[in-house]
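Enquirer: Have a look at this one.
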């Protein structure tokens, strides 16, 4: 990482205007954004917590109780859902990360048309992707028709189940389709900020293209990989509509479990829903912290200006 | 050469899910195993123009909500992005994490908490309530993009304008904003699309009364006519595509997008 660090130090010195002794100015500038997030996100969490322990709500008598958590955790459904959510999020994130690194490397030397074409799925709503994948991969979908026309399957029964299937292939395919362009966009921007001289020098000193990628490019790309995969993992783990419409009917992912408890006719289930939601948030916070700690690229310590590392300006 | 072939194949695969949508939207009864519809119709498209499908209403509501939440996010994101991109101060890392929490941690618990207060304020099921919760993802993305825009901004221009006698307001309007405008466009674009595409947040606090386009599509996906669903799906892509083509120049601005790579 020494190369990356020194390049960041250079970038920092050139671009960062240090305003020493006047941090209040910075605090004033971030205050509006921070207050809105604190009020909405923090306030929402506090209200959720108060409802989950029975201090607030429609059906509560106002006494503290951990009943909702007990109910949530004692469900066998909960543990199966947790397992499923983790399986989907980890599989989809790992696959998209590896494939995005490859795609970004491919695109680095290609023309702008290719980068642009590969990012066209980026602004597409998830629901549109879901609709498209349902009509493409369902047993009577376009792909099955194509295979039938080619004589590869004899009827729609012979087509493998790819949506609403037990292994949740449809869900994972959708996330790959949607998240690879997102991660590639981020990684490509980071790649373009890396000085080509490092690679050239490594090659001049006798490194093979693979060694050059593994020992030079990948370490420099690491902060970008960590950030992008964090965003993607967090999103997939909390995603609702994709597993709801493309996933198996049972077991359900955690967010679907939360939704069903929240809309249950039995209003007492609301506290359970909220307890489940808080457990979901807690799990994602723990996983994110664990990932950051394990990766220890200390992504949060890089100043933002390090983005500009070494780009001649 | 192999690179271009590989890339073309990838692009084709990425476009595959759109093909059945396009065909279904103009197909008149398209049964297995027909590869291409026998008969074509524009009935699905004229259906979504009628009020009963709520597409027009959803389109308008989505537009208003996305525009408002983008505007608000821009308003608070500009100063925050400046501080995070240009200045060093104690607690900066913590503030960044705080601003990113809403896009990294599942919003479900928060939403159920917010819903409790929105009901009491009479904002549940109103567009204002939905705009408020849409700030949860739009502010973080906006701040992220703008902070890296500012990180590449040379404050020397501002200093020079000040020395030449410009007031702080004049500097902001005539020097700073024009210089960072391309990055601001990218940030606004991101925020607009995030709000436009948002389903879950609207679903939870809209109480079935705020019917944005994703809500219309979701309902249709759960048992509507396939052709009409396809037409609604294509309609919900349109503004995204218009915006993308309009700003393809800005989107190739790495310094703005790169901010996402340094969370």
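Protein chains in written order, with my numbering: chain A, 75 to 387; chain B, 29 to 291.
Where a beta carbon is used, it is the ideal one built from N, C-alpha and C, also for glycine.
From a predicted model like this one, the values you see are computed outputs, not experimental measurements.
With DSSP as the reference, please indicate the residues paired to residue 55(B) in a beta bridge.
Expert: In DSSP, residue 55(B) forms a bridge with 68(B).
Enquirer: In angstroms, rounded to a whole number, what distance separates the CA positions of residue 167(B) and residue 294(A)?
Expert: The straight-line gap from Cα to Cα measures roughly 28 Å.
Enquirer: Determine the closest residue to residue 43(B) out of 278(A), 276(A), 210(A), 259(A), with distance taken between C-alpha atoms.
Expert: With distances taken between Cα atoms, residue 43(B) lies closest to 210(A).
Enquirer: So that I know if they touch, is there some Cβ in chain A lying closer than 9 Å to that of residue 196(B)?
Expert: So, not an interface residue.
Enquirer: Checking contacts by CB at 9 Å: is residue 219(B) closer than that to chain A?
Expert: Chain A, which has no Cβ nearer than 9 Å to the Cβ of residue 219(B), makes this no.
Enquirer: Are any of the Cβ atoms in chain A nearer than 9 Å to that of residue 34(B)?
Expert: Yes, residue 34(B) lies at the interface with chain A (some Cβ there is under 9 Å from its Cβ).
Enquirer: Taking the alpha carbon of residue 106(A) as the reference point, which residue from 111(B), 33(B), 60(B), 86(B) has its own alpha carbon closest?
Expert: Per the Cα distances, 111(B).
Enquirer: Can a CB atom of chain A be found closer than 9 Å to the CB of residue 155(B)?
Expert: Chain A contact via Cβ: absent.
Enquirer: Taking a cut of 7 Å between CB atoms, which residues from the segment 203-230 of chain B lie near chain A?
Expert: The segment 203-230 of chain B vs chain A, Cβ under 7 Å: 221, 225, 227, 228.
Enquirer: Report the neighbours of residue 87(B) on chain A: residues whose CB is nearer than 9 Å to its CB, in chain order.
Expert: Here the premise fails: no neighbours, minimum Cβ distance about 13 Å.
Enquirer: Report the option in 278(A), 233(A), 223(A), 296(A) whose CA atom is closest to the CA atom of residue 257(A).
Expert: Nearest C-alpha to residue 257(A): 296(A).
Enquirer: On a Cα-Cα basis, can you pick out the residue from 30(B), 75(B), 102(B) that is closest to residue 300(B)?
Expert: Residue 300(B) lies beyond the residue range present for chain B, which begins at 29 and ends at 291; the question has no answer from this structure.
Enquirer: Determine the chain B residues that contact residue 314(A) at a beta-carbon separation under 7 Å, and present them in chain order.
Expert: The contacting residues are 228.
Enquirer: How should residue 174(A) be labelled, buried or exposed, when 16 other C-beta atoms within 10 angstroms of its C-beta is the threshold for buried?
Expert: Result: buried.
Enquirer: Which runs of the beta strand (DSSP E) fall wholly inside the segment 245-271 of chain A and span at least 3 residues, in chain order?
Expert: Counting only runs of 3 or more, we get nothing.
Enquirer: Whole angstroms is fine: what's the gap from residue 155(B)'s alpha carbon to residue 262(A)'s?
Expert: Looking at the two C-alpha atoms, the distance is approximately 37 Å.
Enquirer: Just list the beta strand (DSSP E) runs in the segment 112-171 of chain B, keeping only unbroken ones of 3 residues or longer that don't cross its boundaries, in chain order.
Expert: Taking only runs of at least 3 residues, no beta strand (DSSP E) segment lies wholly in the segment 112-171 of chain B.
Enquirer: Please name the residue in 313(A), 187(A), 254(A), 222(A) whose C-alpha comes closest to that of residue 197(A).
Expert: Nearest of 313(A), 187(A), 254(A), 222(A) to residue 197(A), Cα basis: 254(A).
Enquirer: Reducing DSSP to helix, strand and coil, say where residue 237(B) ends up.
Expert: Coil.
Enquirer: Whether or not the segment 123-130 of chain A and the segment 138-149 of chain A are in contact is what I'm after, with contact meaning three or more pairs of Cβ atoms, one per stretch, closer than 8 Å; do they touch?
Expert: Touching, yes, given that three or more Cβ pairs across the two stretches are closer than 8 Å.
Enquirer: For residue 96(A), which three-state DSSP category applies?
Expert: The answer is coil: DSSP assigns residue 96(A) none of H, G, I, E or B.
Enquirer: Tell me which residues share the same chain as residue 90(B) and place their Cβ nearer than 6 Å to its Cβ, disregarding the 5 neighbours each side in the sequence.
Expert: Hits under 6 Å: 224, 240, 241.
Enquirer: What are the boundary residues of the alpha helix (DSSP H) that includes residue 179(A)?
Expert: 150-182 is the extent of the alpha helix (DSSP H) around residue 179(A).
Enquirer: What residue from 120(B), 236(B), 220(B), 149(B) has the CA that sits closest to residue 93(B)'s CA?
Expert: Comparing Cα-Cα distances from residue 93(B) to each of 120(B), 236(B), 220(B), 149(B), the minimum goes to 220(B).
Enquirer: Just tell me which of 154(A), 116(A), 346(A), 179(A) has its CA closest to the CA of residue 164(B).
Expert: Checking every option, the nearest Cα to that of residue 164(B) belongs to 116(A).
Enquirer: Distance check for residue 227(A) and residue 298(A), CA to CA, integer angstroms please.
Expert: Those two C-alpha atoms are separated by around 43 Å.
Enquirer: Given that residue 200(A) touches chain B, what residues does it touch there, using C-beta distances under 9 Å?
Expert: Residues of chain B passing the Cβ test: 225, 227, 242.
Enquirer: Can you list, in chain order, the residues of its chain whose CB lies under 7 Å from that of residue 260(B), leaving out five sequence neighbours each side?
Expert: 76, 83, 244, 245, 248, listed in sequence order.
Enquirer: Could you check the C-alpha separation between residue 325(A) and residue 208(B) for me, to the nearest Å?
Expert: Approximately 49 Å between the Cα atoms of the pair.
Enquirer: Within the present structure, is the beta-carbon of residue 198(A) separated from the nearest heavy atom of the ligand NAD by less than 8 Å?
Expert: Ligands displayed in this structure: none; no statement on the ligand NAD is therefore possible.
Enquirer: Note down, in chain order, all residues in the segment 202-216 of chain A with a beta-carbon under 9 Å from any beta-carbon belonging to chain B.
Expert: The residues in question are 202, 203, 204, 205, 206, 207, 208, 209, 210, 211, 213, 214, 215, 216.
Enquirer: Below 9 Å between beta carbons is the criterion; list the residues of the segment 151-184 of chain A that meet it against any residue of chain B, in chain order.
Expert: Residues passing the 9 Å Cβ filter: 177, 180, 181, 183, 184.
Enquirer: Is residue 279(A) buried or exposed, if buried means 16 or more other CB atoms sit within 10 Å of its CB?
Expert: With fewer than 16 Cβ atoms within 10 Å of its Cβ, residue 279(A) is classed as exposed.
Enquirer: Below 9 Å between beta carbons: does that hold for residue 68(A) and residue 151(B)?
Expert: Within the shown structure, residues of chain A are numbered from 75 to 387, placing residue 68(A) beyond reach of any answer.
Enquirer: To the nearest angstrom, how far is it from the Cα of residue 277(A) to the Cα of residue 286(A)?
Expert: So the two alpha carbons sit approximately 7 Å from each other.
Enquirer: May I ask you to report which of helix, strand or coil DSSP gives residue 238(A)?
Expert: Here residue 238(A) sits in coil by DSSP.
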